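Everything on this sheet refers to the single structure shown next.
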Amino acid sequence: MGAGRYAPSPSGRMHLGNLLCCLVAWCSAKSAGEDVVLRIEDLDTLRCPRSYADLIEKDLDWLGISPDRGGSRGGPEGPYYQSERSGIYEEYFRRLESMGLIYPCFCSRAQLHAASAPHREDGQVVYPGTCRGLSEQEIARRSAQRPPAWRVKVPDRDISFTDGNLGFTRENLLRDCGDFVVRRFDGVFAYQLAVVVDDALMGVTQVVRGSDLLSSTPRQLYLYELLELPAPQFYHIPLLLASDGRRLSKRDGDVSLETLEEKYSPREIIGKLGYLVGLQDSPRPADPARLAENFAWDRVPKQDILLPEGLF
Ligand code: GLU
Numbered sequence: 004m005g006a007g008r009y010a011p012s013p014s015g016r017m018h019l020g021n022l023l024c025c026l027v028a029w030c031s032a033k034s035a036g037e038d039v040v041l042r043i044e045d046l047d048t049l050r051c052p053r054s055y056a057d058l059i060e061k062d063l064d065w066l067g068i069s070p071d072r073g074g075s076r077g078g079p080e081g082p083y084y085q086s087e088r089s090g091i092y093e094e095y096f097r098r099l100e101s102m103g104l105i106y107p108c109f110c111s112r113a114q115l116h117a118a119s120a121p122h123r124e125d126g127q128v129v130y131p132g133t134c135r136g137l138s139e140q141e142i143a144r145r146s147a148q149r150p151p152a153w154r155v156k157v158p159d160r161d162i163s164f165t166d167g168n169l170g171f172t173r174e175n176l177l178r179d180c181g182d183f184v185v186r187r188f189d190g191v192f193a194y195q196l197a198v199v200v201d202d203a204l205m206g207v208t209q210v211v212r213g214s215d216l217l218s219s220t221p222r223q224l225y226l227y228e229l230l231e232l233p234a235p236q237f238y239h240i241p242l243l244l245a246s247d248g249r250r251l252s253k254r255d256g257d258v259s260l261e262t263l264e265e266k267y268s269p270r271e272i273i274g275k276l277g278y279l280v281g282l283q284d285s286p287r288p289a290d291p292a293r294l295a296e297n298f299a300w301d302r303v304p305k306q307d308i309l310l311p312e313g314l315f
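The sequence shown maps to residues 4 to 315 in the working numbering.
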């Protein structure tokens, strides 16, 4: 049986944007008769303490969209905390290395941004391949000065896929992205590698997440291909923007669950979110199971959603 998932980075209390994503992921999985797995993306252990992860679980339970396995519930594919899975990532990193596709990179972020390399839409630099061809001596010399990050070589080839919500997407990895980091200079594995390995090993067949991650998908599909892992179906959902068009953030107290839980019942919050995402025609209170019954991807908006003033 397939599964959907929640993959939150617990760097704060959940806000409406995170909740919307969880609700749609839950409805999509449940309407297909599938389980939802909770994986805690706490690779950045300083920013993502366990206390926040525990709060996320509590909030999901309160809202009635609990995962079926994962997180502190555990399950057969655990551990479900990325901070406890580095041995697994190491194994897949070694596989890429044995294919001759990994190389150390000594470029600092400042150097990259100062370079005249083109920038991606998300503000990241297209990596110009500066460290691709360093000699063994040069690598030894530079390693003595600073530990490197590790990049995977990408081919000059288009990766295309059909997103279940946003449709056809294509990217030329070399031209539009460049070789990308799979392990950071501090030894921590990068999100791109961890997310692929985890979704595959946790039996995830549908990934529902914010459209800010659409541009990561070609990189992830390339890793699935190299590692011979089964890729899920991707569904990217539009971002929820504050009424003035800003992106919602965990710093926006007014949309954090901390404030919302004092003002509304779970059914009220779920109903308003269901309305925003096209699953019911008014913001009346609703049970998640009821929204899942009405769930269809063609009802979900394709453009970013402005949070109407006064809805919350
Ligand atoms: N952990 C990421 C986040 O909270 C989501 C990653 C994903 O869904 O692939 O933004």
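All C-beta atoms in this analysis are idealised placements derived from N, C-alpha and C, irrespective of residue type, glycine included.
These numbers come from a predicted model, not from an experiment.
Let me know if residue i comes out buried or exposed under the rule of 16 or more other beta-carbons within 10 Å of its beta-carbon.
| i | result |
| --- | --- |
| Arg-154 | buried |
| His-122 | exposed |
| Phe-171 | exposed |
| Asp-62 | buried |
| Ser-259 | buried |
| Met-102 | exposed |
| Glu-60 | buried |
| Gln-140 | exposed |
| Arg-178 | exposed |
By Cβ distance, which residues of its chain are closer than 6 Å to residue i, with the 5 residues on each side in sequence left out?
| i | result |
| --- | --- |
| Gly-206 | Ala-6 |
| Arg-287 | Gly-274 |
| Gly-20 | Leu-243 and Leu-251 |
| Glu-312 | Ser-246 |
| Thr-220 | Phe-237 |
| Gly-78 | Arg-72 |
Name, in chain order, the residues that DSSP records as bridge partners for residue i.
| i | result |
| --- | --- |
| Leu-41 | Tyr-9 and Gly-73 |
| Cys-108 | Ala-152 |
| Ser-138 | DSSP lists no partner for Ser-138. |
| Tyr-18 | One point to set straight first is that residue 18 is His, not Tyr, in the sequence displayed. Looking at the DSSP assignment, His-18 forms a beta bridge with Ser-259. |
| Ile-308 | Leu-243 |
| Ser-163 | Arg-173 |
| Arg-250 | Leu-244 |
| Gly-213 | Ile-240 |
Leaving out five residues before and five after residue i in sequence, what residues of the same chain have Cβ atoms less than 7 Å from its Cβ?
| i | result |
| --- | --- |
| Pro-131 | Ala-118, Ala-120 and Gly-181 |
| Asp-215 | Leu-242 |
| Phe-298 | Cys-30, Ser-31, Ser-34 and Leu-282 |
| Cys-98 | Residue 98 is actually Arg in this sequence, not Cys. If we look at Arg-98 and ignore the five residues flanking it on each side, its Cβ neighbours are Leu-230. |
| Arg-250 | Leu-242 and Leu-244 |
I think residue i touches residue j, with their Cβ atoms under 8 Å apart; what is that distance to the nearest whole Å?
| i | j | result |
| --- | --- | --- |
| Gly-277 | Ala-292 | The pair is not a contact, with the Cβ atoms about 11 Å apart (cut-off 8 Å). |
| Asp-284 | Leu-244 | The Cβ separation is near 21 Å, so there is no contact. |
| Asp-159 | Glu-174 | Not really, about 12 Å apart at Cβ, beyond 8 Å. |
For residue i, which residues from the same chain have a beta carbon less than 8 Å from its beta carbon, with the 5 sequence-adjacent residues on both sides left out?
| i | result |
| --- | --- |
| Asp-57 | Ser-75 |
| Leu-310 | Leu-19, Leu-243, Leu-244, Ala-245, Ser-246, Leu-251, Val-258 and Leu-279 |
| Phe-96 | Ile-105, Trp-153, Val-185, Arg-186, Phe-192 and Leu-196 |
| Asp-166 | Thr-172, Leu-217, Thr-220, Phe-237, Tyr-238 and His-239 |
Evaluate the contact criterion for the region 56-73 versus the region 23-30: three or more CB pairs, one atom per stretch, below 8 Å. The region 56-73, when compared against the region 23-30, does touch it at the 8 Å Cβ threshold.
So, does the region 178-196 touch the region 134-153, judging by three or more C-beta pairs under 8 Å? Segment contact: the region 178-196 against the region 134-153, three or more CB-CB distances shorter than 8 Å; contact assigned.
Cβ contact (3+ pairs, closer than 8 Å) linking the region 100-115 and the region 233-251: Short answer: they don't touch.
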